[in-house]
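Novice: Right, I'll just put the structure down here and ask away after.
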Ligand code: SF4
Ligand code: SF4
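Residue numbers (our numbering), protein chains in the order written: chain A, 241 to 427; chain B, 6 to 399.
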């Protein structure tokens, strides 16, 4: 029983996309640009040369936010989308009817259709793979050369992520929507 | 009248021969050929879908709902509309509207069946849906409520129609009222499917659930003109004229209300300053389908009604055909505009700016299945007119 979340020291991201590759590899995500569980977002620098705002050109890795109040879960007609015992938002592919409501309801564009099962798929925090094998890190975290990602139990006060969230300022995306994301961006 | 299975009164001469036996006017032949073509398209579309899955559709990760959702909404709105018009007479007891009740209730059954036929090929696993809708119901989901209530509604409509055929007005009234209430609940839940989306500010809120009921009534009246026009070949007798004039007057009021609703929706969207709402509203105003909706579904029929306060039923028949084209665009716009704003997760295709608007255009398969739904609807209705006496008998 844990409450998993992830902190991202996003300013360290160098856009190498190793996490995108590791996720596909580890979790057997379908090939193709549309089929991604995680992605590295980027902002083009704002302003006009020579007054470019370099600080605005950050890279921003993202994925499913594992919302505590997940709109995708609320709208699922068959409860195929559920919170597992570790508060990870998961999809039971046996129950998913592919109505695509969750894809529309998720404010973070975190879901896509897996054509092999004709159901919706998304980030699982490697629950089916690495966590099931007893490992304590996710594939994206493990591979990151600049250690952007820290995955861990938010309920454990001694975990690295709890320590980070206590000592570093952070924000979450679209928090005004009341989704209570469990992805935290460190500033 | 002969009595079919389960005590259902069926027309004496109903047979395959009576179905094929229609006046061979050019218009009728054209209609028959069109319906057959649409049914063939349905078959081709469905087969293509079964082979290629959602790849045969134009839907994407960013625009997961496409034409088929719009067409499903189009049909179920039509059904609810028919149900409301049918209820005027046999539930609420307005004598003037009684003569259309049976026809409208039958219309509500065939339109929702066409809707179900279309949505079955949009939802990835319709059979699984029926199982897990019952086993693990998602009670917070508007789709669950909408689907379940529409299933119930169809049952009530069929039972009501059965009692209407048997002239059992008392029972027809009970089932009619229950069916109407369940139908309205189902239909507002369909609006809720969009209203609950807080990720899509343009649709979020109470607007769609209420607006759906209003536009259903409007759709029902257009359809009533169309079915009555075909029934009487535009030679209306005084009783029918009286009925249609009444409907046209109600329609005038409803369209006026809709103008008011839409104006305020647009004004608050554009000038309310909500992020992601104002820009979508401005964007909408610059698209052709939006103006098709306003001009066809509202403006033209409204002017026709204003001309002489609904006293030209023939003209209203043609205005209603145009109105239904507008209603289609209304549904399409609703679905598309909900998804048109990218979710801004800073996703970049390498060396490209993120798209300003999400693009979608229906694929040939989607168009074929949609037209097939229309063909199916017309066919079912036509067979119904051959099998049952849809005119008032008392
Ligand atoms: S980010 Fe989207 S998919 Fe993930 S839990 Fe939140 S709403 Fe659901
Ligand atoms: S697509 Fe699947 S997971 Fe998503 S809401 Fe529909 S049934 Fe639930």
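For glycine and all other residues, C-beta sits at the position ideal for the given N, C-alpha and C.
Under 8 angstroms between the Cβ atoms of residue 61 (chain B) and residue 370 (chain B)?
Specialist: yes
Novice: Which class does residue 248 (chain A) belong to by DSSP, given the choice of helix, strand or coil?
Specialist: strand
Novice: Return helix, strand or coil for residue 384 (chain B), following the three-state DSSP convention.
Specialist: helix
Novice: If you draw a straight line from the C-alpha of residue 338 (chain A) to the C-alpha of residue 130 (chain B), how long is it?
Specialist: 6 angstroms
Novice: Excluding five sequence neighbours on each side, which residues of the same chain lie with their C-beta closer than 7 angstroms to the C-beta of residue 247 (chain B)?
Specialist: 101
Novice: Here's a check: name, in chain order, each residue in its chain whose Cβ is nearer than 6 angstroms to the Cβ of residue 341 (chain A), leaving out the five neighbours to either side.
Specialist: Within the same chain, 315 come within 6 angstroms of residue 341 (chain A) by CB-CB distance, once the 5 residues on both sides are set aside.
Novice: Nearest CA to the CA of residue 374 (chain B): which residue from B:151, B:72 and B:66?
Specialist: B:72
Novice: Given that residue 359 (chain A) touches chain B, what residues does it touch there, using C-beta distances under 9 angstroms?
Specialist: 129 and 130
Novice: Between residue 205 (chain B) and ligand 1, is the CB less than 7 angstroms from at least one heavy atom?
Specialist: no
Novice: Give me, in chain order, the residues of the same chain whose beta-carbon lies closer than 7 angstroms to that of residue 4 (chain B); leave out the 5 immediate sequence neighbours on both sides.
Specialist: Residue 4 (chain B) lies beyond the range of chain B shown here (6 to 399); nothing can be said about it.
Novice: Say the cut is 7 angstroms; is the CB of residue 311 (chain A) nearer than that to a heavy atom of ligand 1?
Specialist: yes
Novice: I need the straight-line Cα distance from residue 226 (chain B) to residue 200 (chain B), nearest angstrom please.
Specialist: So the alpha carbons of these two residues sit roughly 25 angstroms apart.
Novice: Residues bridged to residue 279 (chain A) by DSSP?
Specialist: A:302
Novice: Please check if any C-beta of chain A sits within less than 8 angstroms of the C-beta of residue 205 (chain B).
Specialist: It does: the Cβ of residue 205 (chain B) has a partner Cβ on chain A nearer than 8 angstroms.
Novice: Could you compute how far the alpha carbon of residue 309 (chain A) sits from the alpha carbon of residue 319 (chain A)?
Specialist: 14 angstroms
Novice: List the residues of chain B whose Cβ lies closer than 8 angstroms to the Cβ of residue 337 (chain A), in chain order.
Specialist: 128, 129, 130, 131, 133, 134 and 137
Novice: Alpha carbon to alpha carbon, what distance is there between residue 336 (chain A) and residue 141 (chain B)?
Specialist: A straight-line Cα-Cα distance of about 11 angstroms links residue 141 (chain B) and residue 336 (chain A).
Novice: Of all the beta strand (DSSP E) runs that stay within the bounds of the stretch 86–157 of chain B, which reach a length of 3 or more residues?
Specialist: none
Novice: Using a cut-off of 7 angstroms between C-beta atoms, extract the partners of residue 117 (chain B) located in chain A.
Specialist: Result: empty, since nearest Cβ-Cβ is about 18 angstroms, beyond 7 angstroms.
Novice: From residue 242 (chain B) to residue 365 (chain B), what does the alpha carbon distance come to, in whole angstroms?
Specialist: Their backbone Cα atoms lie some 47 angstroms apart in a straight line.
Novice: Answer with buried or exposed for residue 280 (chain B), where buried requires no fewer than 16 other C-beta atoms within 10 angstroms of its C-beta.
Specialist: So residue 280 (chain B) counts as exposed.
Novice: Does the Cβ of residue 322 (chain A) lie closer than 7 angstroms to at least one heavy atom of ligand 2?
Specialist: no
Novice: For residue 342 (chain B), which of helix, strand or coil comes out of DSSP?
Specialist: For residue 342 (chain B), the three-state secondary structure derived from DSSP is helix.
Novice: I need the DSSP call for residue 290 (chain B), collapsed to helix, strand or coil.
Specialist: helix
Novice: Output the boundary residues of the beta strand (DSSP E) element that contains residue 330 (chain A).
Specialist: First-last of the beta strand (DSSP E) with residue 330 (chain A): 329–331.
Novice: Quick one: which unbroken alpha helix (DSSP H) runs of 4-plus residues sit fully inside the stretch 198–262 of chain B? Chain order, please.
Specialist: Runs of alpha helix (DSSP H) with 4 or more residues, each lying fully within the stretch 198–262 of chain B, are found at 212–236, listed in chain order.
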